[in-house]
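Student:
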Amino acid sequence: MAEQYYFITAAELAQKGQTQIPDELVGNKNLIYSSPATLAFNSPGAQGFGVKRAGLAVPDSVMLLVAPRCCGRNTSALAAPGNLGERFFYLLLDDTDIVTGRHLVRIPDAVKEVCDSLPKPPSAVMICITCVDALLGTDMERVCRKCTERAGVPVEPCYMYALTREGRLPPMVQVRKSVYSLLKPLPKRSDAVNILGFFTALREDCELRFLLRNAGVKVIRELAGCADFNAYLQMAEANFNIVLNQEARYAAADLEKRLGIPSVELTRLYQIDKVRRQYQLFGAAIGAEFDDAKYYDEAALAIETFRQNHGKISFSVGEWLNGDPFELAVALLRYGFEVPEIFGTVGESNFVWVKKIAQLSPDTRISSNLSPTMMLYKDNEVHCDAFIGKDAAYYHPGVPGVNWNTEDQPFGYAGIKALFTGLDEALRAGKEKK
Amino acid sequence: MKGFLKRLSPFAPDNSGVVSALFELGGLIAICDAGGCTGNVCGFDEPRWFTMRSAVFSTGMRDMDAILGRDHLLVNKIVSAQASVKAPFIVLVGTPVPAVIATDFKALRRMTEKRSGVPALTIESTGVNYYDKGASKAYEMLFDTFAIDTLPVEQDAVGIIGATPLDFSTCNAGKYLSGSVEGRGIVYGMGAGLDEVKRASANRMNLVVSPSGIAAAKLLEKRFGTPWKMDVPWFPEELLALLPPLAGKRVLIIHQHIAACALREKLLACHAADVSVGTFFMTEKSLLQSQDFSFKEVDDPAIAVREFNADVVIADRNFKKVLSGFNGEFIDFPHFAVSGRVLEEQ
């Protein structure tokens, strides 16, 4: 009988190995606790950047949600941030629809009604479908073709199939393919690249743009930076794509297949030496030499300044943040800080960092936010001086720190610099309060 | 077109109503979904989620669970979580996925009770109906299961059934309603817990404050002879202050039916010329008047305003979006089940 929340130390987990991760850390082996710490990533449609909001990343598009009412309920909350409320439409299913699939014949008329209700036709109608159609086996590609014939605008499916979350193509992977699927072949431009992976833009001060420009790249496009649909269509002229989030690999592969645009993948890292090494490898791959000394020095200075100001402090690291919590924890440990606990999802992609943590800090506790036992986690049960991540903030009320989940995406040296600058400000404010 | 919505987002569904009715009662609530429904319930429809811990979980169904109907795995997960939570009862809440695959909830209930050793309630919500239908089923099953013993009647005890944040748009509704009745107001699910549910037979009377409480009140009347009536004894002061100047006006109120009808009485007492009530949610026949409306589609409120020739509309401000032709006075009366807005945000 569990008396407290479940955790395993990094040393114990590393010893078990990647093939024997305890069930308590595996989401689909337990009931899932959707605590306020998890809402951004535990539901394809809940807070944060779920499928619905992501599907509207195509400029001037609108979305028709075809689903039971419960699937569209939280959309009211999306109305505020980017005035998205005006871009959502709904075709709500009743008891008979969800069993017989009779709603499918109404979708083309609903798309026509959406288009007719707008002052000018949308660039595209994204049709968001949910678990019901996953179970009915709906051929949404075919339905979308019918919709295009009926309404005269491009219509694309967005699959919000929460049932397939641990499958080969989970919803956030599928939707990344959907948002680039409207691109059509264009003549290639050797000095143009796309950055794929995020639905919002990279931080303005991110050195990646400057390094690319110095290497001769003149046009760098991101989905979030496309002012209108025509700008979006120009993404098809890119010489290559840079993938900054592995969930965009499938989309990049599709673009390579359809438009002949190859891709290269970079990882968001917080270990400064690994960032440098990655840029060296990237430069070699594209035949350029990046002079990153200035950016490296700025990030190194931010780390050192923070260390001098605050000493060897301890961090609680969560997963509702822009980064991998385990890689971030390794970075913090290597910079000389302590990490007594990490909340995260352990898997193939990050187990290498678990092993590293086991060497540097074997007693670090690793927990799954989704475990039902997290109900038993008492506020500040594990002592830390600061938190990183919105979920970690939930477990540590009153402790200073940064949510680190802003919409402008940190990457590279600029990300490291911003993280430590933000932490410095938060800790100073926290100390002043005390 | 039937079911087509523009300008408004969908209202709270029945699975949210179930959770809202049972949230504070200490049970282990397992929403039979893949994660999205629970995200909507906890992240949006349950404002108490951010200030109060409750054992609400998603069963985390995956495609193969649904296709193969692996109920034993679901029960394993529930029993494992119960070992940590040690809840006095377990609730299984339906969503569209179990509705599509025709989950046998009765079997699930038996399996869960047998393995866990505590009572289980199974509520077959589908995610396609409104919140009040789910809350109604939840209250009825709750009292049917736990209000068993016949106790001596306590003359000061007034049971209040049907109060949820979805209806009253505040997490403090229990406190407000309890303080607005003569005697000891026992607000089930908002202040009063499972022990009070078990003692429901001791109530002198029950007060039903939303249509979702009617079925439970009828059950308690049948089982214990407890009389009941419908009324809402508390409204926000800010709203009440706006009523006297409406003397002589024709007013349309859009809200849950019992609240709207109670407000109608207050308006008529302020000499409003005539008052009509409209609702998308459950209606109680005995409260309906000839000029009242039951809405089905998003254009219906605008039709009602025209037909009733309303000077004033009192409704959640989200409804303004579908009343584009209305030039009269609009008074905001938040309804969380419509807009997800609490009174404190006004």
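Sequence order for the protein chains is A and B. Position 304, counted from 1, in the first sequence is what my numbering calls 304; the numbers after and before it change by one each time, with no gaps. In my numbering, each residue's number is its place in the second sequence (first place is 1) plus 1000. The C-beta atom is built at its ideal place from N, Cα and C for all residues, glycine as well.
1) For the beta strand (DSSP E) containing W353 (chain A), name the first residue and the last one.
2) Could you please give the first and the last residue of the uninterrupted beta strand (DSSP E) stretch that includes R1204 (chain B)?
3) Along the stretch 105–138 of chain A, what residues have a CB closer than 8 Å to any CB found in chain B?
4) For the beta strand (DSSP E) holding G55 (chain A), just list the boundary residues, first then last.
5) When you compare each of B:C1032, B:G1179, B:E1154 to N1015 (chain B) by their alpha carbons, which one comes out closest?
6) DSSP on S1212 (chain B), reduced to helix/strand/coil?
7) Would you mind sorting V173 (chain A) into buried or exposed? The rule is 16 or more other CB atoms within 10 Å of its CB.
8) Please say whether V1118 (chain B) and A1081 (chain B) have beta carbons closer to each other than 8 Å?
9) Provide the residue(s) that pair with I1090 (chain B) in DSSP beta bridges, ordered along the chain.
10) What's the C-alpha gap between Q445 (chain A) and S263 (chain A)?
11) For chain B, is any of its Cβ atoms less than 8 Å away from the one on F7 (chain A)?
12) Can you give me the Cβ contacts of Q1289 (chain B) inside the same chain, cut-off strictly under 8 Å, excluding the 5 residues immediately before and after it?
13) Just checking: is the beta-carbon of V330 (chain A) within a distance shorter than 8 Å of some beta-carbon in chain B?
14) Could you give the uninterrupted runs of the beta strand (DSSP E) lying entirely in the stretch 112–190 of chain A, keeping only those of 3 residues or more?
15) Beta-carbon of P1334 (chain B) versus every beta-carbon of chain A: anything under 8 Å?
16) Taking the beta strand (DSSP E) that E265 (chain A) falls in, what are its first and last residues?
17) With N63 (chain A) as the anchor, note down where its beta strand (DSSP E) starts and where it stops.
18) Using 8 Å for Cβ pairs, my map puts N239 (chain A) next to R221 (chain A). What's the rounded Cβ distance?
19) Mark D1195 (chain B) as exposed unless 16 or more other C-beta atoms lie within 10 angstroms of its C-beta, in which case mark it buried.
20) What number of angstroms, rounded off, separates the C-alpha of Q308 (chain A) from the C-alpha of A300 (chain A)?
21) So, at 7 Å on beta carbons, what are the nonlocal neighbours of M1141 (chain B) in its own chain, with the 5 sequence-adjacent residues on each side left out?
22) Please report the residue range of the alpha helix (DSSP H) in which Q15 (chain A) lies.
23) Report the three-state DSSP secondary structure of F89 (chain A) (helix, strand or coil).
24) Quick one: measure Cβ to Cβ for D324 (chain A) and T9 (chain A), integer angstroms, because I've assumed they're closer than 8 Å.
25) In the DSSP assignment, find the unbroken alpha helix (DSSP H) run with R1306 (chain B) in it and report its ends.
26) DSSP three-state label for I303 (chain A), please.
27) Going along the stretch 351–376 of chain A in order, which residues come within less than 9 Å of chain B, judged by CB to CB distance?
28) Taking the C-alpha atoms as reference points, what is the distance between G336 (chain A) and V330 (chain A)?
29) Strictly below 8 Å CB to CB, what residues from chain B border F89 (chain A)?
30) Quick check: the Cα distance between Q15 (chain A) and S178 (chain A), rounded to an integer number of angstroms?
31) T345 (chain A) versus chain B: which residues are under 7 Å apart at the beta carbon?
32) Can you have a look at F1168 (chain B) and say buried or exposed, based on whether 16 or more other CB atoms are within 10 angstroms of its CB?
33) Enumerate, from N- to C-terminal direction, the unbroken beta strand (DSSP E) stretches of 3 or more residues contained entirely within the stretch 317–353 of chain A.
34) Taking only runs that begin and end inside the stretch 198–262 of chain A, name each unbroken alpha helix (DSSP H) of 4 or more residues, in chain order.
35) Under 6 Å Cβ to Cβ from V435 (chain A), same chain only, skipping five residues before and after it: list those, please.
36) Below 8 Å, how does it come out for the stretch 411–419 of chain A and the stretch 1058–1078 of chain B: are there three or more Cβ pairs, yes or no?
Tutor: Reading from the atomic positions:
1) Mapped onto the first sequence, residue 353 (chain A) falls at position 353. Premise fails: W353 (chain A) lies in the alpha helix (DSSP H), 351–360, not in any beta strand (DSSP E).
2) As a position in the second sequence, residue 1204 (chain B) is number 204, starting the count at 1. Looking at the DSSP string, the run of the beta strand (DSSP E) that includes R1204 (chain B) is 1203–1208.
3) R106, D109, A110, E113, V114, S117, T130, C131, V132, A134, L135, L136
4) If you number the first sequence from 1, residue 55 (chain A) lands on position 55. Taken as a continuous stretch (DSSP letters only), G55 (chain A) belongs to no beta strand (DSSP E), being part of the alpha helix (DSSP H) at 51–55.
5) Position 15 of the second sequence, counted from the first residue, corresponds to residue 1015 (chain B). When C-alpha distances from N1015 (chain B) are compared across B:C1032, B:G1179, B:E1154, the shortest belongs to B:C1032.
6) Residue 1212 (chain B) sits at position 212 when you count from the first residue of the second sequence. Helix, per DSSP.
7) Walking along the first sequence from the start, residue 173 (chain A) turns up at place 173. Label assigned to V173 (chain A): buried.
8) Along the second sequence, one-based indexing puts residue 1081 (chain B) at 81. Along the second sequence, one-based indexing puts residue 1118 (chain B) at 118. Taking 8 Å as the Cβ cut-off, A1081 (chain B) and V1118 (chain B) do not qualify as a contacting pair.
9) The sequence position of residue 1090 (chain B) within the second sequence is 90, counting from 1. I1090 (chain B) is bridged to B:L1028, B:A1120.
10) No answer is possible for residue 445 (chain A): the residues shown for chain A start at 1 and end at 434.
11) Taking the first sequence and counting its residues from 1, one reaches residue 7 (chain A) at position 7. No, no contact with chain B.
12) Along the second sequence, one-based indexing puts residue 1289 (chain B) at 289. Same-chain partners within the cutoff: S1276, V1277.
13) Locating residue 330 (chain A) in the first sequence gives position 330, counting from the first residue. So, not an interface residue.
14) If we require 3 residues or more, the beta strand (DSSP E) runs fully inside the stretch 112–190 of chain A come out as 125–129, 155–159.
15) For the purposes of this step, residue 1334 (chain B) is taken as the residue at position 334 of the second sequence. So, not an interface residue.
16) Taking the first residue of the first sequence as 1, we reach residue 265 (chain A) at position 265. 263–265 is the span of the beta strand (DSSP E), which, as asked, contains E265 (chain A).
17) Locating residue 63 (chain A) in the first sequence gives position 63, where the first residue counts as 1. One point to set straight first is that residue 63 (chain A) is Met, not Asn, in the sequence displayed. Annotation for M63 (chain A): the continuous beta strand (DSSP E) segment containing it runs 62–67.
18) Within the first sequence, residue 239 (chain A) is the residue found at index 239, counting from 1. Within the first sequence, residue 221 (chain A) is the residue found at index 221, counting from 1. Contact flag wrong, Cβ pair sits at about 11 Å.
19) Within the second sequence, numbered from 1, the residue matching residue 1195 (chain B) stands at position 195. Per the 10 Å Cβ criterion, exposed.
20) Along the first sequence, read from residue 1 onward, the residue named residue 308 (chain A) stands at position 308. Along the first sequence, read from residue 1 onward, the residue named residue 300 (chain A) stands at position 300. Distance between the alpha carbons of Q308 (chain A) and A300 (chain A): 12 Å.
21) The residue labelled residue 1141 (chain B) in the question sits at position 141 within the second sequence. Excluding sequence neighbours, M1141 (chain B) sits near L1121, I1123.
22) Counting from one through the first sequence, the residue named residue 15 (chain A) turns up at place 15. First-last of the alpha helix (DSSP H) with Q15 (chain A): 10–16.
23) What you label residue 89 (chain A) is simply residue 89 of the first sequence in a count that begins at 1. If DSSP states are grouped into helix, strand and coil, F89 (chain A) belongs with the strands.
24) Residue 324 (chain A) sits at position 324 when you count from the first residue of the first sequence. Residue 9 (chain A) sits at position 9 when you count from the first residue of the first sequence. Wrong, their Cβ atoms sit about 19 Å apart, outside the cutoff.
25) One-based indexing of the second sequence puts residue 1306 (chain B) at position 306. Unbroken alpha helix (DSSP H) run through R1306 (chain B): 1300–1308.
26) Position 303 of the first sequence, counted from the first residue, corresponds to residue 303 (chain A). The answer is helix: DSSP assigns I303 (chain A) an H, G or I state.
27) L370, S371, P372, T373, M375, L376
28) Mapped onto the first sequence, residue 336 (chain A) falls at position 336. Mapped onto the first sequence, residue 330 (chain A) falls at position 330. Roughly 10 Å separates the two Cα atoms.
29) The residue given as residue 89 (chain A) occupies position 89 in the first sequence. Result: F1004, L1005, K1006.
30) Within the first sequence, the letter at position 15 stands for residue 15 (chain A). Within the first sequence, the letter at position 178 stands for residue 178 (chain A). A straight line joining the alpha-carbon of Q15 (chain A) with that of S178 (chain A) spans about 40 Å.
31) Taking the first sequence and counting its residues from 1, the one referred to as residue 345 (chain A) is at position 345. Those within 7 Å of T345 (chain A) in chain B number zero; the least Cβ separation is about 13 Å.
32) The sequence position of residue 1168 (chain B) within the second sequence is 168, counting from 1. By the 10 Å Cβ count, F1168 (chain B) comes out buried.
33) 338–343
34) 207–214, 229–233, 249–259
35) Nothing about residue 435 (chain A) can be reported from this structure: the residues present for chain A run from 1 to 434 only.
36) No, they do not touch.
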